[in-house]
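Asker:
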Amino acid sequence: MAHAESPARTLIAPAELDRPLGRLLYRTVLGTVLVTFTVAFVFPLYWLVSGALKSSAELADPNPTLLPQSFHPESYSQAWSSTGLGRYFLNTLLLAAGALLFQLVVDVCAAYALSKLRPVLGNVVLAMMLATLMLPVSALLVPTYLTVVDIPLIHVNLINTPFAIWLPACANAFNIFVLKRFFDQIPEELVDAARIDGAGPLRILLHVVLPLARPVLAVVSIFAVVGVWKDFLWPMLTLPDPRGQPITVALNTLANDMPANQLLAGMAMAAVPLLVIFLLFQRHIMAGLTAGSLKG
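For the sequence shown, counting from 1, position 75 maps to 79 in my numbering; every step adds exactly one.
#1: Would you say the segment 111-126 touches the segment 171-187, given that touching needs at least three Cβ pairs under 8 Å?
#2: Candidates Val152, Met271 and Leu206: which alpha carbon is nearest Leu49's?
#3: Output needed for Leu121: all residues of its chain with C-beta closer than 7 Å, excluding positions within five of it in sequence on either side, in chain order.
#4: Does the Cβ of Leu100 have 16 or more other Cβ atoms within 10 Å, making it buried, or fewer, making it exposed?
#5: In whole angstroms, give me the CA-to-CA distance for Pro24 and Ser60.
#6: Do Pro239 and Thr252 have their C-beta atoms within less than 8 Å of each other?
#7: Could you check the C-alpha separation between Ile169 and Leu237 for me, to the nearest Å?
#8: Using C-beta distances below 8 Å, list every residue in its chain close to Ala64, excluding the 5 sequence neighbours before and after it, in chain order.
#9: Going by other Cβ atoms of all chains shown within 10 Å of its Cβ, with 16 needed for buried, is Leu284 buried or exposed?
#10: Using a Cβ-Cβ cut-off of 7 Å (strictly less than) and excluding sequence neighbours within five positions of His76, which residues of its own chain qualify?
#11: According to the neighbour-count rule (16 or more other Cβ atoms, all chains shown, within 10 Å of its Cβ), is Gly90 buried or exposed?
#12: Do Ser225 and Leu150 have their C-beta atoms closer together than 8 Å?
#13: Comparing C-alpha positions only, which one of Leu139, Ile180, Ala198 and Ile190 sits nearest to Val223?
#14: What did DSSP end up calling Ala173 once you bin it into helix, strand or coil?
#15: As an exercise, report each continuous alpha helix (DSSP H) stretch of at least 4 residues that is fully enclosed by the segment 127-197, in chain order.
#16: Tell me whether Asn95 is buried or exposed, calling it buried when 16 or more other Cβ atoms sit within 10 Å of its Cβ.
#17: Give the straight-line distance between the Cα atoms of Leu29 and Phe178, rounded to the nearest whole angstrom.
#18: State yes or no: is the C-beta of Asp261 within less than 8 Å of the C-beta of Asn164?
#19: Identify whether Gly270 lies in helix, strand or coil by the three-state DSSP scheme.
#20: Quick one: using the 10 Å Cβ neighbour count with 16 as the cut-off for buried, is Ala103 buried or exposed?
#21: Apart from the five residues on each side of it in sequence, which residues of its chain come closer than 8 Å, Cβ to Cβ, to Leu52?
#22: If I follow the unbroken alpha helix (DSSP H) through Leu125, where does it start and stop?
#23: So, under 8 Å CB-CB, Pro166 and Val152 are touching, yes? Tell me the CB distance rounded to an integer number of Å.
#24: Since I believe Tyr80 is in contact with Pro250 (beta carbons under 8 Å), could you give me their beta-carbon distance rounded to a whole number of angstroms?
#25: Are the CB atoms of Val212 and Leu194 nearer to each other than 8 Å?
#26: Could you work out which residue in Thr136, Ala175 and Arg247 is closest to Asp111 when comparing CA atoms only?
#27: Going by beta carbon distance, what residues of the same chain come within less than 6 Å of Phe106, once the five residues before and after it are set aside?
#28: Name the two residues that bound the continuous alpha helix (DSSP H) containing Gln107.
Right, here's the structure in full:
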């Protein structure tokens, strides 16, 4: 005889929610939490955008105001035209596109090999990759910099080249782990059927695995673009030439010569692409991270 499933346990008992006082307390606490977290996340963005609309004198006032006393929307156009932000946007786009391409190729191949090809000591290699996630970024900064200054064996200096950004971005243990977990859920029957039909490992990857992995590939792609777009310290070290710097480094370089409101306007414009990406693809991000099984 089948046993009935027990109801899900919640913080507040369902019987309490049936009472007027319980519903009132629940809605009050829920509304307070939602409003608090929304303000905590949205207020810095509002302060950035509204600060760019103020004059430099108003920004220097020790008694800040929530609303600008006088609006100066021209600070956005002045920041764009006077500092050449368009060129730095193109530099950032080039770096993000290259990092995305290299990460997809390297991380997908690594995850596929660990998941489906199962090489000798594959678990040891995966454990060593995941161990790098335990290290702070600052601990890896010096050895990575020394590596790009003088590539072992071939002795090539990558400073002031996009490869100084692209190649270190390939070594992303988190992306490899996420991809491997998804590849592990693909039924072995599909892979075996492809092998019986004469498909090799590369063909199986291209025609069987990747078409099923579109949700997680979208997540990895978004993380790759966002990671390069918002990075500051590494591009500052490896791209000292202003002609090739991304917008985050360029704004820091130009900060001493820009009025405060134009600097805030540049920062606000630099944040717009990331906000648009998140708003457009937030469902894909959640779907890719929670995808763990195949139906049918």
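Note that the Cβ used here is the ideal one computed from N, Cα and C, for glycine as well.
Answerer: Let's see:
#1: yes
#2: Position 45 of the sequence shown, counted from the first residue, corresponds to residue 49. Of the candidates Val152, Met271 and Leu206, the one whose C-alpha sits nearest the C-alpha of Leu49 is Met271.
#3: One-based indexing of the sequence shown puts residue 121 at position 117. Excluding positions up to five away in sequence, the list reads Pro205.
#4: The count along the sequence shown starts at 1 and reaches residue 100 at position 96. Sequence inspection shows Ala at residue 100; the Leu mentioned does not correspond to that position. The residue in question, Ala100, is buried, as its Cβ has 16 or more Cβ neighbours within 10 Å.
#5: For the purposes of this step, residue 24 is identified with residue 20 of the sequence shown, where counting begins at 1. For the purposes of this step, residue 60 is identified with residue 56 of the sequence shown, where counting begins at 1. Taking the straight line from one Cα to the other gives about 52 Å.
#6: Within the sequence shown, residue 239 is the residue found at index 235, counting from 1. Within the sequence shown, residue 252 is the residue found at index 248, counting from 1. Result yes, Cβ atoms of Pro239 and Thr252 sit closer than 8 Å.
#7: Locating residue 169 in the sequence shown gives position 165, where the first residue counts as 1. Locating residue 237 in the sequence shown gives position 233, where the first residue counts as 1. Their backbone Cα atoms lie some 11 Å apart in a straight line.
#8: As a working mapping, residue 64 is identified with position 60 in the sequence shown. If we look at Ala64 and ignore the five residues flanking it on each side, its Cβ neighbours are Ala264.
#9: Stepping through the sequence shown from its first residue, residue 284 is reached at position 280. Exposed: under 16 other Cβ atoms inside 10 Å.
#10: By one-based count along the sequence shown, residue 76 stands at place 72. Closer than 7 Å at the Cβ level, and outside the excluded window around His76, lie Leu57, Lys58, Ser59 and Asn265.
#11: Taking the sequence shown and counting its residues from 1, the one referred to as residue 90 is at position 86. Exposed.
#12: As a first step, residue 225 is located in the sequence shown; it is residue number 221 there, counting from the start. As a first step, residue 150 is located in the sequence shown; it is residue number 146 there, counting from the start. Not a contact, by the Cβ cut-off of 8 Å.
#13: For this step, residue 223 is matched to residue 219 along the sequence shown. Ranking the options by Cα distance to Val223, first place goes to Ile180.
#14: Here residue 173 corresponds to residue number 169 of the sequence shown, with the count starting at 1. Note: Ala173 maps to helix in three-state DSSP.
#15: 141-153, 167-174 and 177-188
#16: Residue 95 sits at position 91 when you count from the first residue of the sequence shown. Buried, by the Cβ-count rule.
#17: On the sequence shown, residue 29 is found 25 positions in, with the first residue counted as 1. On the sequence shown, residue 178 is found 174 positions in, with the first residue counted as 1. Roughly 40 Å separates the two Cα atoms.
#18: Reading the sequence shown from its first residue, position 257 is the one you call residue 261. Reading the sequence shown from its first residue, position 160 is the one you call residue 164. Cβ distance not < 8 Å, so Asp261 and Asn164 don't count as in contact.
#19: What you label residue 270 is simply residue 266 of the sequence shown in a count that begins at 1. Correct three-state label for Gly270: helix.
#20: As a working mapping, residue 103 is identified with position 99 in the sequence shown. Under this definition Ala103 is a buried residue.
#21: Translated into positions along the sequence shown, residue 52 becomes position 48. Counting only Cβ-Cβ distances below 8 Å, and skipping sequence neighbours, we find Leu268, Met271, Ala272 and Ala275.
#22: Position 121 of the sequence shown, counted from the start, is the residue given in the question as residue 125. No alpha helix (DSSP H) contains Leu125, which DSSP labels as neither H nor E.
#23: The count along the sequence shown starts at 1 and reaches residue 166 at position 162. The count along the sequence shown starts at 1 and reaches residue 152 at position 148. Wrong, their Cβ atoms sit about 11 Å apart, outside the cutoff.
#24: Mapped onto the sequence shown, residue 250 falls at position 246. Mapped onto the sequence shown, residue 80 falls at position 76. Between Tyr80 and Pro250 the Cβ distance is about 19 Å, and since that is not below 8 Å, they are no contact.
#25: As a working note, residue 212 is residue 208 in the sequence shown. As a working note, residue 194 is residue 190 in the sequence shown. Closer than 8 Å, so yes.
#26: In the sequence shown, residue 111 corresponds to position 107, counting from 1. It is Ala175 whose Cα lies nearest to the Cα of Asp111.
#27: As a working mapping, residue 106 is identified with position 102 in the sequence shown. Within the same chain, Phe106 has close Cβ partners Trp170 and Cys174.
#28: For the purposes of this step, residue 107 is identified with residue 103 of the sequence shown, where counting begins at 1. Residues Leu89 to Tyr116.
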